[in-house]
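**Student:**
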Amino acid sequence: MIGVIDYKAGNAPSVLNALRHLEIPAEYVSTREQLSKAKALVLPGVGSAAATMRSLDDLNLLGELERLVMREGLPFLGICVGLQIIFDYSEEGGVDCLGWIPGRVRRFPEEKVRVPQMGWNRVEFTGGTREPAHFYFVNSYYAEPEDTAVIAATAGYGVNFCAMVRHENISATQFHLEKSGEAGLKLLKELIQNKGDVGVELF
Numbered sequence: 001m002i003g004v005i006d007y008k009a010g011n012a013p014s015v016l017n018a019l020r021h022l023e024i025p026a027e028y029v030s031t032r033e034q035l036s037k038a039k040a041l042v043l044p045g046v047g048s049a050a051a052t053m054r055s056l057d058d059l060n061l062l063g064e065l066e067r068l069v070m071r072e073g074l075p076f077l078g079i080c081v082g083l084q085i086i087f088d089y090s091e092e093g094g095v096d097c098l099g100w101i102p103g104r105v106r107r108f109p110e111e112k113v114r115v116p117q118m119g120w121n122r123v124e125f126t127g128g129t130r131e132p133a134h135f136y137f138v139n140s141y142y143a144e145p146e147d148t149a150v151i152a153a154t155a156g157y158g159v160n161f162c163a164m165v166r167h168e169n170i171s172a173t174q175f176h177l178e179k180s181g182e183a184g185l186k187l188l189k190e191l192i193q194n195k196g197d198v199g200v201e202l203f
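Under this note's numbering, the first residue of the sequence shown is numbered 1, with each subsequent residue one higher.
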């Protein structure tokens, strides 16, 4: 069973519906016990990094997430804010995040682009043979990893930014897989089932 983390501030229903549409067994998880029974975890995101971290803390999930993902190697997929909070720090609210991947989350340069970015954007994948495709974004901030080797895809919006990361058992997309039509569902399924040349080994 894939555990979709329901922290009352994210986009869990849309992600759960997408997984069920793909006929992938998935359930909401919101307690430490439920997390520990999942074969893999998905952290969706809508809202701010600060609100997400606060919600996870209120649910007493931060320590369990650290144990399962970082120490036991449980597969993890983050979406949108779920990507941003795996880094050390976010300028959005000036909040310390999970720190699973070194780096910071920065605000798009408002002198160059309208913030937030809302809509479809071209994503280019690093390595492999996957062709560029358009995915749906809603974000005012973007991740800046210290080690560019973790960047699995990029997009451009005022700056060229990290649109997807991979690192060992962790994968995350800045774009909304569940709102990106056929391309998003296809990539979601490939990530979950470890098919295709997405450059990650998960689930």
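Where is the CB? At the ideal position from N, CA and C, for every residue including glycine.
1) Assuming contact is defined by CB atoms lying nearer than 8 Å, are A152 and T126 in contact in what I supplied?
2) Alpha carbon to alpha carbon, how far is I192 from P25?
3) Which residue spans inside the stretch 117-188 form an unbroken beta strand (DSSP E) run of at least 3?
4) Considering only DSSP beta bridges, list what S90 is partnered with.
5) Leaving out the 5 sequence neighbours to the left and right, which residues in its chain are closer than 7 Å to V150 when beta-carbon positions are compared?
6) What's the C-alpha gap between G3 and E66?
7) Less than 8 Å between the CB atoms is what I'm expecting for F87 and G103, so what's the real figure, rounded?
8) For Q84 and F137, I'd like the C-alpha separation in whole angstroms.
9) Given this structure, state the Cα-to-Cα distance separating N169 from P75, to the nearest angstrom.
10) Candidates C80, G47, V159: which alpha carbon is nearest P109's?
11) Look up G3 in the DSSP assignment and give the residues it is bridged to.
12) Going by the CB atoms, is the gap between L35 and L68 shorter than 8 Å?
13) Quick one: using the 10 Å Cβ neighbour count with 16 as the cut-off for buried, is H21 buried or exposed?
14) Does the beta-carbon of K189 have 16 or more other beta-carbons within 10 angstroms, so that it is buried, or is it exposed?
15) If you draw a straight line from the C-alpha of V42 to the C-alpha of N17, how long is it?
16) Assign G73 to one of three DSSP states: helix, strand, or coil.
17) With DSSP as the reference, please indicate the residues paired to G78 in a beta bridge.
18) Work out the CA separation of K179 and G119 for me, nearest whole Å.
19) Report buried or exposed for N253, applying the criterion of at least 16 other Cβ atoms within 10 angstroms of its Cβ.
20) Do you know offhand how far R106's Cα is from S90's?
**Tutor:** Reading it off the structure:
1) Yes, they are a contact pair.
2) 11 Å
3) 117-125, 133-139, 141-145, 151-157, 159-167, 170-173
4) V95, V105
5) Taken in chain order, the residues that qualify are I101, V165, R166, H167.
6) 15 Å
7) Between G103 and F87 the Cβ distance is about 4 Å, and since that is below 8 Å, they are a contact.
8) Going by the C-alpha atoms only, they are around 13 Å apart.
9) Rounded to the nearest whole angstrom, the CA to CA distance from N169 to P75 is 5 Å.
10) Answer by Cα proximity: V159.
11) E27, L41
12) yes
13) exposed
14) buried
15) 13 Å
16) coil
17) L43, A172
18) 10 Å
19) In this structure the chain extends from 1 to 203, so residue 253 is not present and cannot be described.
20) 7 Å
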